[in-house]
Every structure is written in structure tokens, then in C-alpha cells.
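Since the structure comes first, as C-alpha cells, the remarks are kept for the end.
In our numbering, the protein residues as written are 313 to 690.
This is how it looks when you write it as C-alpha cells:
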């Protein structure tokens, strides 16, 4: 009877089995580990082959008959890859104007003046379309229908162990702009009241804005001591305050400002028109602010009380530039600049922290002289 009985393995079969399942010193088989590695390698090669063949097929189906160099291939148009579409409210707003359509021209959409170019600003600016220029807070909300421009705030710092805030009363602002505009949602005829970023290079220090196809324009700049507006001949330059006058308007005064109330003031709101060569002082009720208003050339102005109140504590105030006294009206545009000269003129401010600021200012008259001396520098 042969030694190779039922169930035994021949030599050739034993060698084959050893190749398939080599043993350790303890006799444990390693076959399962080898199979796993081999399957992993084969699977990887198969996946690469599928990707290559599939990619070539997609490229052939989506590319044009003319072969393009690789650097000209569009991943979306030529290779059929998926794209990402932004919602309208995630795209830069229409306030960017012509800057939206310039190729290779990135927009500074994370700049400090972002609120002025937001979708809210494009639709209907309000008190949220504001920036802190230092020292002023500037927003582009309309003070009343028909007037557009800037609202200039003088804030105070309020701080605690958890927060630091710039606080102001919106009624204490001075509005610098023009009348004759209509809103985007209005059926009335007039100058387009929306604004856009001016053409030209963009700067990290500020942004230029223009209303109604260059009817008026401004530059909002960090650290600006004046708020400025430049006008052409189609707008009615206007200055507005929610509060009325606390004392007489003083015109072209060269000596240091002192509030005065006379029986026959030079300017009587609703009654007369006066000429201004260079500047005037506005001392406002409630806030106790005194603003200086500078004109780049001689003008004629008048003032009114739009709300019709007779109580000085409830009145508002509007100053309109009615005419240009310059003999050559086409020589240059009119520029109006405003600056806060005194935030606590008589000590009766509605926000007493403003008076604490004034007391910390060592030379009030010197500051007034500086404002007058440099108002022409644009």
C-alpha cells in the first residue's frame, strides 16, 4: 500500500501550497496578509485606470474639435467640472459701479469702509451704512426725502470692563449734501439718489463716492478733519441739522468765535439771502456744537426751518446755496467742507461727555485757526 494514502499531499502539491501559504516558525499561515496586500495593489491600479479612462472620455466629449494647450483649458467649460455660484446677496453690490467689470481688478471687499458699499447701501442707505473715519462717524442715510449726501457724527467713547463703544445722538449730526434727488423706489422725476464708487484707483485709506452721475462727489478718508462735498451746477448744495440754531450765524468771522444773539442778525431764516466769501459758523441748539462751513469760492446762501416749528428747542435747520458769486462759473466746481470746531460751546450740551473732551483740549482758538488755515487743502 502506497505511503501516499487518502488525504495526503504530494511533493509538488506541497510546494505549491507553501507558495500560497508560507508558515512561520510557529506554523501559522501568512497567506491572508499576502492576499490583502496584493488585492490593495490591484485595486489601486484599477482605480487609477478608471480615472484616467473616464477623464479622457469627459475631455473628448466636452472639448472642441480644436485641441487647446493645457493652460487654456477651462475646468468648467472644457472638462465639465462643477462650478460654484454665489447668491446675489453674496456678490459685490452695484455700488462698486464700473469697478465690477474690470478684469484682473480685485475689489477690497474686506476694507474698513465695507458698510458704505454694501447691498444695504445700494438699495436704501440708513444708519447702518456707516464707518468710523476717526474722529467722525460718517453714514449715507438720507435725512429727509429729496436730500442725499453724508451725515457727520461726532461720537464719544463709552467703555466698560467688557465693551468699548462709540456713542452718539443721531439728532446731533450735521448733514452735508444736496436736494433734488429721488430714490430708486420712487416714481418721481429727478436726479438718481443712489451713489457709486468713483472711477480710478482704489486706496486702502478711503473710498470716493459720487451721486447722480457726478452731480456731487466726496472722498471718505481715514483721519479726515473735514467732511467734504464737490458739486456741479445741477445740484442744490444743502446743509441740514435736526436741531435748530442756538445763536446767530456768523459770516466770514476772522476773530475767535463767540456765540452772539442780536436783534438784527445778518441771516434771518426764511427772510433774506446773504453772500459768503469764505466760511461761516453754525452754533446748534441741543448738541451745543459749533460747526465751521467752508466754501471754495464766494456763494449766496439762505436758511429755512423746514418743520415750521416756532419753539427754538423743536426747530430744525436747513442752509441752501442758491447762487455762485464767482464771475467765471465754469472755472471750477464748488467744494463745501464742514468741520466740528467746538463740541461744547456754552457748556449746555445734551451729552456732557462732550464738555469733558473740550476741557481736555488745551488751545481751542489755535484749533480754530488751523481749520481756517488749511480748509483750502484738498
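Heads up, the beta-carbon is just placed ideally off N, CA and C, and yes, glycines get one too.
In this text the structure is predicted, and so the values were computed from the model without any measurement.
C-alpha distance - residue i paired with residue j, whole-angstrom precision
i, j, result
"residue 305", "residue 443", "Any answer about residue 305 is impossible in this case: the structure gives the chain only from 313 up to 690."
"residue 604", "residue 463", "15 Å"
"residue 491", "residue 525", "15 Å"
"residue 469", "residue 552", "25 Å"
"residue 586", "residue 457", "26 Å"
"residue 476", "residue 665", "15 Å"
"residue 577", "residue 615", "12 Å"
"residue 356", "residue 362", "10 Å"
"residue 452", "residue 382", "48 Å"
"residue 667", "residue 535", "22 Å"
"residue 590", "residue 678", "19 Å"
"residue 359", "residue 380", "27 Å"
"residue 411", "residue 418", "9 Å"
Sub-9 Å separation of residue i and residue j beta-carbons
i, j, result
"residue 694", "residue 569", "In the structure as shown, the chain begins at 313 and stops at 690. Residue 694 is therefore absent and cannot be evaluated."
"residue 471", "residue 651", "no"
"residue 663", "residue 511", "no"
"residue 288", "residue 544", "The chain is shown only over 313 to 690; residue 288 falls outside these bounds and no answer can be derived."
"residue 594", "residue 486", "yes"
"residue 649", "residue 687", "yes"
"residue 646", "residue 537", "no"
"residue 407", "residue 428", "yes"
"residue 657", "residue 571", "yes"
"residue 513", "residue 420", "no"
"residue 507", "residue 404", "no"
"residue 478", "residue 450", "no"
6 Å Cβ shell around residue i - same chain, five flanking residues per side excluded
i, result
"residue 460", "454, 489, 493, 505, 523"
"residue 376", "Caution applies to residue 376, whose pLDDT of 48 falls short of 50 and renders its modelled position unreliable; the model cannot decide the point."
"residue 618", "628, 630"
"residue 348", "none"
"residue 503", "492, 493, 524, 527"
"residue 388", "395"
"residue 682", "none"
Same chain, Cβ closer than 8 Å to residue i, five either side skipped, listed in chain order
i, result
"residue 597", "555, 556, 557, 558, 624, 625, 627"
"residue 425", "443, 518, 519, 532"
"residue 588", "563, 564, 607, 610, 611, 612, 613"
Other residues of its chain near residue i: CB distance less than 7 Å, five sequence neighbours each side excluded
i, result
"residue 671", "none"
"residue 393", "387"
C-beta neighbour in chain D for residue i, strict 9 Å
i, result
"residue 350", "Absent from the structure: chain D. Only one protein chain is present."
Q) In chain order, which beta strand (DSSP E) runs of at least 3 residues are fully inside the region 451 to 495? A) Entirely contained in the region 451 to 495, the beta strand (DSSP E) runs reaching 3 residues are, in chain order, 459 to 465, 468 to 471, 476 to 479, 486 to 491.
Q.
Would the region 580 to 590 count as touching the region 614 to 633 if we require 3 or more Cβ pairs under 8 Å?
A. yes
Q. Which ranges would you report for the alpha helix (DSSP H) in the region 610 to 689 if only whole runs of at least 4 residues count?
A. 665 to 671, 676 to 686
Q | beta strand (DSSP E) runs contained entirely in the region 515 to 589, provided each spans 3 or more residues | A | If we require 3 residues or more, the beta strand (DSSP E) runs fully inside the region 515 to 589 come out as 518 to 523, 528 to 533, 539 to 543, 548 to 553, 586 to 588.
Q | Every unbroken beta strand (DSSP E) inside the region 405 to 445 [3 residues or more] | A | 442 to 444
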